[in-house]
Each structure stands twice: as C-alpha cells, then as structure tokens.
Ligand SMILES: C[S@@+](CC[C@H](N)C(=O)[O-])C[C@H]1O[C@@H](n2cnc3c(N)ncnc32)[C@H](O)[C@@H]1O
C-alpha cells in the first residue's frame, strides 16, 4: 500500500507536492533505505552512482570495522583509503621495494588501521608494515593551545575513550601492524629513516598535522600518498591551515580536496 502511494506520488503529483512544501520551507525527499541527504552542491545524479558497499573486498572489510564500532570513518572516507592503499600495493609491492611502509597517525580505537591491515592481507602484500601512532589518551593539552594556533573546537583529553592494550589486542592477528604510544612529535623518531608509501593523517589539530606533514615529506617516496582527514571541516580549522601552509611552497604535491572531507596529497 505504502509503495503504491509512493509510486503514485513519484509519477504524478510528487514534483507539485515537493514544490509546494519547499515554498513553506520544508524539503521533502523520496525515502530510499540506506540514504541520507547531502548539500545541494552534489550533482542531482549522485543517486545514480553504483553502491560502493557492493564492491566485494571493500564492502566486506569496511562493513566489518564500521560494525565493530572501532572507526569514526564511514564508507565514503574508507573508500578513499581503499583506493590509495590498493594503488601503492599495485605500484610498489611487485617492484624491488624491500618493505612497503604505511602509517596511520591518529589510530584512536584502531578501526581504520584494522581496515588497512586486512586490505593488505587480502591483497596478499606480505612485505608491508603498518605503523600506527596515537597518544591513546586523546588530545594532549600541549597541542591544543600553542603559540602558532589556538584550537577553537578541540579540548585536551578528547578521544580518550580508547586504550593502547585494547587496540593492540584488536590488531593482534596482523603481525605487520605496530603501534607507537605517545605524541607523534615524540614517537616518530622510532620510524625515522624508513621510506613511506602511504600515510593516513587523522589527528584533527594544527600542530600535529603540521608535524606529520613535515616528517612524512622527508620520508615519502615519489608517488607516495598522504590522506589528510577533516580538511575543510569547520570543526578542524587547524588541519586546513596546516595543509595549505605545507603545500604552498611544495608545488610537486598534487592536492585533491575530496567532498568526503579528505585532502589527498600525492608526491610527484
Ligand atoms: C579523530 S581521532 C582518529 C580517528 C581514527 N583515525 C578512526 O579511524 O576512527 C584523532 C586521534 O588523534 C590522536 N592525536 C591527537 N594528537 C595527537 C598527537 N600529538 N600524537 C598522536 N596522536 C594524536 C587522538 O588521540 C585521537 O585518537
């Protein structure tokens, strides 16, 4: 019955009804299961795109970490990471590269690190290491208010609902996943000198985003990719500032600002 009504509305009176509601300040959308609505700068054909959740490897691995409640990322942002990691594996793993080094800075509960690790396993990439960095105690006070930047939306201790031991146990089945506990600025020395191929930088704050970009600039191979999360989000103004300052004197980086809220930096 409901579907008959909805079919009739769509076919005939729906545009009229919608326009009338819009005049009264109400936006109405035909209900599709698994949809939510986005700003109007998305093209009107966005609904014609194939459903990425149906892609065999991606859909299964992303659904797993989302349902585990271990990541703040959803399918859209995980899909960017999926494509970038698949690319670096395709490009470098079959060459004479001794070890593929990937990193996540801002591991939090470990979901995205698990996603990357399980993707490496699926792609049968045996010569890889995933280096995961976090305080595992949330934002450090020292990163919130610095002489360079005052964070307006973030506080010390945000994202502290996690624990090093719990994330370690979650990633236990992946022997190539290594965790470093503490501020990235103080733990990054443990991987200094390694060539890096992919980095997911997801720390929300100016100071550590800047530190991460500068560190990995020195370590990223040509063709390597840094995915910076929360670029352009009004809640993370420091991330945009850090990325913009970083790329300005470095024209050899191709920056792609995605509408997922990620900035993908490829080193040419
Ligand atoms: C938005 S969360 C990361 C979300 C995670 N990538 C996911 O997939 O759900 C941001 C993380 O950055 C971490 N962080 C903030 N400042 C840091 C620093 N200086 N060094 C290391 N980690 C830091 C926080 O502890 C927090 O876990």
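Residue numbers (the working numbering): 1 to 268. Don't be surprised by glycine CBs; every beta carbon is placed ideally from N, CA and C.
Check residue i in the structure and name its three-state DSSP category.
i, result
"residue 22", "helix"
"residue 162", "coil"
"residue 222", "strand"
"residue 149", "coil"
"residue 199", "strand"
"residue 170", "helix"
"residue 235", "coil"
"residue 73", "coil"
"residue 217", "helix"
"residue 141", "helix"
"residue 241", "helix"
"residue 107", "coil"
"residue 58", "helix"
"residue 32", "coil"
"residue 176", "coil"
So does residue i have its beta carbon nearer than 7 Å to some heavy atom of ligand 1?
i, result
"residue 138", "yes"
"residue 185", "yes"
"residue 85", "no"
"residue 191", "no"
"residue 234", "no"
"residue 208", "yes"
"residue 25", "no"
Using CA coordinates, which residue listed in the options is at the minimum distance from residue i?
i, options, result
"residue 269", "245, 170, 176, 76", "Given that the chain is displayed from residue 1 to residue 268, the structure contains no residue 269 and the question cannot be resolved."
"residue 197", "217, 160, 20", "217"
"residue 188", "239, 240, 103, 234", "103"
"residue 125", "87, 138, 147", "87"
"residue 135", "150, 159, 119", "159"
"residue 92", "40, 237, 223", "223"
"residue 192", "220, 241, 153, 249", "220"
"residue 47", "58, 57, 30, 59", "30"
Thinking residue i and residue j are a contact (beta carbons under 8 Å), I'd like their distance in whole angstroms, please.
i, j, result
"residue 226", "residue 205", "So it is not a contact: roughly 16 Å between Cβ atoms."
"residue 171", "residue 128", "Contact flag wrong, Cβ pair sits at about 14 Å."
"residue 105", "residue 113", "Actually they do not touch by this definition, with Cβ atoms about 11 Å apart."
"residue 72", "residue 62", "Contact doesn't hold; Cβ gap of about 13 Å is too wide."
According to DSSP, what are the bridge partners of residue i?
i, result
"residue 263", "228, 257"
"residue 134", "181"
"residue 101", "129"
"residue 154", "According to DSSP, residue 154 bridges with nothing at all."
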